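Numbering (this note's numbering), first residue to last: 13 to 223.
Quick reminder that beta carbons are idealized off the backbone N, C-alpha and C, glycines included.
These numbers were taken from a predicted model, which means no experiment stands behind them.
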């Protein structure tokens with residue numbers, strides 16, 4: 013049995029399951045409908061597929077080597093997460109909550125899940141630094157790296173749809189008007205805070221560099 017492969021699977025599972033913007037977006041959309049939640053989960057998995065492909069291709073090394081490009085992507089990602097959070101909070105002042113908002117099929121939640129994950133430049137850099145550590149000496153690097161990338165995507169395809177389905181199962185209670193407003197407020201606040209943090213990080217890095 014490949015001990016390194018087992019160890020990587022455990023590390024990758026922890027990374028995928030760690031609460032963050034991806035998790036919050038999936039929960040938010042799962043409250044709209046099961047289809048929206050699963051679509052959002054598939055979008056997140058698609059973003060991870062992009063990141064792992066970039067890491068395998070070595071493109072992530074460019075992000076690490078060009079701080080300006082890395083920070084620009086950080087700002088874009090933070091702005092998008094902040095936009096989702098503010099949109100959720102603004103829905104609380106309207107006649108309906110985000111849970112009742114435009115049930116426009118799967119395209120929008122799929123796009124939200126993908127963009128939220130894809131605009132996180134830390135992910136490909138993390139994978140670029142992580143994947144080589146689990147390539148045994150003397151083995152072909154490309155097939156092994158592709159296998160590790162596949163494990164990450166499979167874990168995401170299991171975890172995020174499971175989260176969406178669980179939220180949907182609890183939906184009868186969570187979609188009650190009072191509970192729906194509470195959940196919309198919590199997820200909106202979480203996304204807003206995450207967006208602000210993601211925006212501040214590159215700006216503070218620029219200030220430290222200027223000093």
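Residue i to residue j span [Cα, whole Å]
i: residue 135; j: residue 200; result: 23 Å
i: residue 122; j: residue 43; result: 14 Å
i: residue 64; j: residue 166; result: 12 Å
i: residue 214; j: residue 86; result: 7 Å
i: residue 216; j: residue 83; result: 11 Å
i: residue 15; j: residue 94; result: 40 Å
i: residue 28; j: residue 17; result: 16 Å
i: residue 55; j: residue 176; result: 12 Å
i: residue 161; j: residue 102; result: 38 Å
i: residue 40; j: residue 120; result: 12 Å
i: residue 211; j: residue 34; result: 16 Å
i: residue 138; j: residue 50; result: 25 Å
i: residue 31; j: residue 92; result: 17 Å
i: residue 154; j: residue 19; result: 19 Å
i: residue 98; j: residue 36; result: 13 Å
i: residue 171; j: residue 26; result: 11 Å
i: residue 159; j: residue 181; result: 33 Å
i: residue 70; j: residue 62; result: 12 Å
Assigned exposure category for residue i - 16 Cβ within 10 Å defines buried
i: residue 206; result: buried
i: residue 209; result: exposed
i: residue 148; result: exposed
i: residue 185; result: exposed
i: residue 190; result: exposed
i: residue 78; result: exposed
i: residue 58; result: buried
i: residue 156; result: buried
i: residue 152; result: exposed
i: residue 8; result: The chain is shown from 13 up to 223; residue 8 falls before or after that span and cannot be answered.
i: residue 173; result: buried
i: residue 133; result: buried
i: residue 109; result: In this prediction, residue 109 has a pLDDT of 47, which is less than 50 and means its spatial position is unreliable; nothing more can be read from the coordinates.
Nearest neighbour of residue i, chosen from the options [CA to CA]
i: residue 125; options: 185, 89, 156; result: 89
i: residue 24; options: 119, 145, 179; result: 145
i: residue 21; options: 129, 142, 41; result: 142
Beta-carbon proximity check, residue i vs residue j, cutoff 9 Å
i: residue 48; j: residue 100; result: no
i: residue 169; j: residue 67; result: no
i: residue 183; j: residue 46; result: yes
i: residue 38; j: residue 127; result: no
i: residue 194; j: residue 96; result: no
i: residue 81; j: residue 164; result: no
What runs of the alpha helix (DSSP H), each 4 residues or longer, lie entirely inside the segment 32-81?
33-42, 46-69, 71-77
Quick one: which unbroken alpha helix (DSSP H) runs of 4-plus residues sit fully inside the segment 131-204? Chain order, please.
134-142, 153-181, 183-186
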